[in-house]
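J.: Structure provided below as structure tokens; questions to follow.
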């Protein structure tokens, strides 16, 4: 069974209890007038209802579940109707959030066969490539999406991350700035720019940009935790701990602090800057 079918199977309740009903033999040659009539054949058991697609309300409710449950649900929907673009995109999203980047990319690519100009499917291909650390291969699908939706800030912000992974740093900075031109003060776009500065060793700009992002009421957890990372790398471990404890469970905080302390040791000796990519909570993929 392929992996998509296996996921679909977890979302189904299988009813396979059909039994055969044997008919009583009829009397071929009844003797006399009082012979019994052959019993009437029993009606066959009703067939199980055919699988149906989820209603709009059911689809809305599934968004509250964890990625594994959502992946099972959307795999079932996509199997029922391979032309269901929404199911294909949301299956890809759920798989990517589980860290199954290869499967996520395949789900998005199958959706693009049906809808080659679907922006969300193109973005899922690009996000999956970035998730795998293969930003070079995210550039082309992201550019295709940008041509279709040039005012969407998410696309240049994602391109900025992809260019960074491809070591095309000038293009990365230009893309991050373009995202902010389209969506000024957006916390995700600001956070990604801040992490760009951190990766280039400009901790002062990184901290200032991440603080601006974290001050927004709609800032996601990743922004605050990346601020904690940059503050910790600057040597302010106590402040980093306070920031980390706002959102993370104690065991994850301890793991992150242990990493920070180990990263600070060679930094203090060499005067260099450790990579900001080793923290458990990295940038928010737009």
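Numbering (mature numbering (1 follows the signal peptide of the UniProt record, and there is no 0)), first residue to last: -28 to -1, 1 to 258.
Every residue, glycine too, gets a C-beta built ideally from N, C-alpha and C.
Note that the structure is predicted; figures quoted are calculated from it, not measured.
For the alpha helix (DSSP H) that contains residue 46, what are its first and last residues?
T.: Element bounds for residue 46: 39 to 52.
J.: Alpha carbon to alpha carbon, how far is residue 211 from residue 229? Give it in angstroms, no decimals.
T.: Their Cα atoms are separated by approximately 11 Å.
J.: Look up residue 33 in the DSSP assignment and say whether it is helix, strand or coil.
T.: Three-state DSSP puts residue 33 in a helix.
J.: Note down, in chain order, each residue of its chain lying with its Cβ closer than 7 Å to the Cβ of residue 63, except the 5 sequence neighbours on either side.
T.: Cβ neighbours of residue 63 beyond the five flanking positions: 43, 46, 47, 50, 79.
J.: Tell me which residues share the same chain as residue 92 and place their Cβ nearer than 6 Å to its Cβ, disregarding the 5 neighbours each side in the sequence.
T.: Once the five neighbours on either side are set aside, the close Cβ partners of residue 92 are 61.
J.: Closer than 8 Å by C-beta to residue 162: which residues in its own chain qualify, once you throw out the five before and the five after it? Chain order, please.
T.: 152, 181, 182, 184, 185, 188, 195, listed in sequence order.
J.: Distance, Cα to Cα, residue 143 vs residue 34?
T.: Distance between the alpha carbons of residue 143 and residue 34 is about 38 Å.
J.: Our contact map puts residue 197 next to residue 174 with C-beta atoms below 8 Å; I'd like the distance itself, whole angstroms only.
T.: So it is not a contact: roughly 19 Å between Cβ atoms.
J.: Please specify which runs of the alpha helix (DSSP H), each continuous and at least 4 residues long, are wholly inside the region 87 to 152, giving them in chain order.
T.: Qualifying alpha helix (DSSP H) stretches, in chain order: 91 to 103, 107 to 120, 126 to 137.
J.: Report yes if the CB atom of residue 155 is closer than 7 Å to the CB atom of residue 169, and no otherwise.
T.: Cβ atoms of residue 155 and residue 169: not closer than 7 Å.
J.: Under 8 Å, with one C-beta from each stretch per pair, do the region 98 to 109 and the region 83 to 90 reach the 3-pair mark?
T.: They do not touch, by the three-pair rule.
J.: Are the beta-carbon atoms belonging to residue 139 and residue 258 less than 7 Å from one another?
T.: No. Outside cutoff.
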